[in-house]
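Presented below is the structure to which this report refers.
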Amino acid sequence: MRFKVTFYGSGEVNLNHSYHLASLIYRSIEKIDPSLSLELHKPSEFKFFTFSKLMVPKKRLRIVKDKMIIDGDAYFYFSTMKNGIGVCLIEGLLTNPEVKIGDAKLVVSEIKLLKEAKIGRKERFVTLSPINVTTVGNGKIVDLYPENPKFYENLRNNLIRKYIAFYGKEPENNKLNFKVLKSKPKRIKIKNTFHRCVEMVFEAEGSEELLEVGYKAGFGERNSMGFGMVKVV
């Protein structure tokens, strides 16, 4: 399930707003299904959803220091492999359409279901929220960039783990190759921690099963905090 949520309102939203948007998503789900919300809060388990950055139409986009100024429409995209999560989020937002993201007071003006792309063995993607990939080095979690070959290995292994967790079996094909066409390094703050990540245009070829998981649930890590959402281009 994939949809676009549009708001109308005004106020300031920090450019590092992923945590605020994630909080809105969890609160909206909790209002409809508290047990599902508790399940989604379990640590070290895949949530099977992802979402984009909060976006403002270019002609109205205004940034002052570290704030994005909203005066009119703003929107974000949401995608999940579990339709029940999407349904609860939609119902929660429609039941309580007046929301607050950062210092912006907004009202949900439209929720539009989107047609999901049919994923083949070779696709070109662009990120709607940056991809975060990590490894462990010297006992610490280290964020990776595409310049490191480990980035691609861990990106693929993450998709395999998600597939197994969702379907309860190994994918028939676990081969996957990535080619980055454009990239831009980013640092996103979640609570009090900055995470290195990357916005990309990239090609991926190999397992349709794994590419579909990435398309629907997000590529890389921390998807439920607003990392790794893509669209087909």
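The sequence shown runs contiguously to residue 235 in our numbering.
Note that CB positions come from ideal geometry on N, CA and C, so glycine has one too.
All figures in this text were calculated on a predicted structure; none of them were measured in a lab.
Open item on the list: For the structure I just gave you, are there three or more beta carbon pairs, one from the segment 6–26 and one from the segment 66–81, closer than 8 angstroms?
Closed with: Contact between the segment 6–26 and the segment 66–81 is established, with three or more Cβ pairs separated by less than 8 angstroms.
Open item on the list: Does Ser209 pass the burial test, meaning 16 or more other C-beta atoms within 10 Å, or should it be called exposed?
Closed with: For this step, residue 209 is matched to residue 207 along the sequence shown. By the 10 Å Cβ count, Ser209 comes out buried.
Open item on the list: Can you look up Gly13 in the DSSP assignment and give me helix, strand or coil?
Closed with: Position 11 of the sequence shown, counted from the start, is the residue given in the question as residue 13. Collapsing the DSSP output to three states places Gly13 in a strand.
Task: Segment limits, alpha helix (DSSP H) that includes His22 - done: Against the sequence shown, residue 22 aligns to sequence position 20. Annotation for His22: the continuous alpha helix (DSSP H) segment containing it runs Ser20 to Ile34.
Open item on the list: In this structure, how does DSSP classify Asn175 when only helix, strand and coil are distinguished?
Closed with: The sequence position of residue 175 within the sequence shown is 173, counting from 1. In the three-state reduction of the DSSP assignment, Asn175 falls in the coil class.
TODO: Would you kindly report the start and end of the unbroken alpha helix (DSSP H) that includes Tyr169?
DONE: If you number the sequence shown from 1, residue 169 lands on position 167. Its alpha helix (DSSP H) spans residues Pro151 to Tyr169.
Task: Pairwise C-alpha distance: Gly170 and Glu14 - done: As a working mapping, residue 14 is identified with position 12 in the sequence shown. As a working mapping, residue 170 is identified with position 168 in the sequence shown. Counting only the Cα atoms, Gly170 lies some 43 angstroms from Glu14.
Task: Per-residue DSSP class, three states only, for Lys60 - done: Here residue 60 is taken as the residue at index 58 of the sequence shown, counted from 1. In the three-state reduction of the DSSP assignment, Lys60 falls in the helix class.
TODO: Just list the alpha helix (DSSP H) runs in the segment 73–134, keeping only unbroken ones of 4 residues or longer that don't cross its boundaries, in chain order.
DONE: For the segment 73–134, whole alpha helix (DSSP H) runs of length 4 or above, ordered along the chain, are 85–97.
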